[in-house]
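Structure record follows, encoded as structure tokens.
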Amino acid sequence: MKKKVEILEMACVKQNRWRKMLGQFQIKIGLTIVSIFVVIAILAPIIAPNDPFLVDVAQKLEGPSATYWLGTDQLGRCIVSRLIWGTRNSLLYSTIVLFITLLVGVPIGLISGYVGGKVDLFIMRVIDIFMAMPSFIVALAIAGTLGANGKNLVLAMSFVYWAGYARLVRSLTMQVKEQNYMMALKAGGCKQGQIIFKHILRNIAPSIIALAAMEIGTIILAIAGFSFIGLGVQPPTPEWGIMLSDSKNYIQTFPQLMVYPGIVIVIVVMAFNLLGEGMKNGISGQ
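In this text, residue positions in the sequence shown follow full-length UniProt numbering: the first is 1, and each later residue adds one.
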């Protein structure tokens with residue numbers, strides 16, 4: 001019996017080590033790619049070789065050259081410059097959506113999980129209502145009602161995404177608040193605000209960050225999707241979804257116009273997913 005227990009313990013230790021190693025590898029790959037795109041977004045005005053808004057019909061649908069590294073689109077605009085500025089806009093809008101959802105969802109989840117009782121019951125019913133609705137359809141309806149532009153898209157997506165974070169934070173808060181050291185903090189006269197926003201939040205922050213890293217990829221896809229159907233960021237603003245939409249009529253004759261932004265979207269979303277999964281594996285390994 002003792003040998004069986006030792007074998008099980010060794011297996012658990014090995015499994016945790018593999019999870020930790022896999023998590024570290026995924027984090028390194030994901031973080032490297034994400035960092036590259038963040039630098040590109042920040043330095044877009046400096047590194048873009050041409051004006052992404054400059055229309056030159058005489059140069060339309062040109063192939064790669066020294067001036068236009070990946071050629072030009074149907075209006076003669078530099079594809080590389082639009083991809084670079086599209087990185088800036090796509091990451092900016094997705095970061096704003098993520099920030100608002102965290103700003104709303106995390107405090108609500110903390111209060112719901114810590115206070116409990118009727119407050120928790122009421123908040124959970126509201127969250128259930130939001131979670132029951134198809135988020136994409138609701139965001140589509142809100143964006144269509146408010147008007148098609150980037151600001152309204154951010155509001156629409158923030159409106160439907162906060163509930164998922166609130167539910168997760170509530171669940172994590174309920175687990176943490178039952179720990180012995182939390183009881184000691186209460187007995188020691190620590191204020192509720194300090195317990196919630198200093199001690200509990202600090203303990204659950206890694207799980208929130210891991211989820212946020214994975215969710216930002218979903219947000220980027222959603223923003224590109226809304227822009228593609230005309231309810232997101234509007235032309236001539238450089239954005240990956242708009243680039244896909246503008247080039248859909250040329251998919252048979254000039255498929256590269258859709259391939260370039262499509263590849264960039266896949267790489268960025270994959271990088272954020274790797275980063276989030278790596279952090280998740282690291283947390284579960286602990």
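Idealized CB from N, CA, C, for every residue including glycine.
Treat the numbers as computed from the prediction; the structure is a model and nothing was measured.
Beta-bridge annotation (DSSP): T72 is paired with C78. Taking the C-beta atoms as reference points, I196 is found no nearer than 8 Å to M182. For the pair G71 and I79, the CB atoms are nearer than the 8 Å cut-off. Closest by C-alpha distance to I127, out of F159, A139 and V34, is F159.
In chain order, A271, F272, L274, L275 and G278 place their CB closer than 7 Å to the CB of G30, counting only its own chain and leaving out the 5 sequence neighbours on each side. Note that the C-beta distance between G109 and T173 is below 8 Å. Assigned with DSSP and collapsed to three states, E239 falls in coil, not helix or strand. In the structure shown, K60 falls within a coil segment according to DSSP collapsed to helix, strand and coil.
Membership of S207 in the alpha helix (DSSP H) is indicated by the continuous run L201 to F228. In the DSSP assignment, K151 falls within the alpha helix (DSSP H) that extends over G150 to V176. Taken through DSSP and simplified to helix, strand or coil, L231 comes out as coil. With a cutoff of 8 Å on beta-carbon distance, I216 and S94 are scored as near each other.
Taking C-beta atoms as the reference points, A166 and G105 count as a pair closer than 8 Å. Judged by beta-carbon spacing, I219 lies beyond the 8 Å limit of V55, meaning their Cβ atoms are not closer than that value. Excluding its 5 nearest sequence neighbours in each direction, L91 has C-beta neighbours in its own chain below 6 Å: A41, listed in chain order.
With contact defined as three or more Cβ pairs closer than 8 Å, the region 146–154 and the region 223–231 are in contact. Of the residues P236, A66 and P64, the one whose Cα lies closest to the Cα of F53 is P236.
With fewer than 16 other CB atoms across the displayed protein chains lying within 10 angstroms of its CB, N249 is exposed. Judged by DSSP secondary structure, K186 falls within the alpha helix (DSSP H) whose first and last residues are N180 to A187. For M270, the three-state secondary structure derived from DSSP is helix.
Contact check for L211 against L168 passes: the beta carbons are separated by less than 8 Å. DSSP places K248 outside any alpha helix (DSSP H), giving it a letter other than H or E.
In this structure N180 is exposed. Its beta-carbon is surrounded by fewer than 16 other beta-carbon atoms within 10 angstroms.
Membership of F136 in the alpha helix (DSSP H) is indicated by the continuous run S135 to L146.
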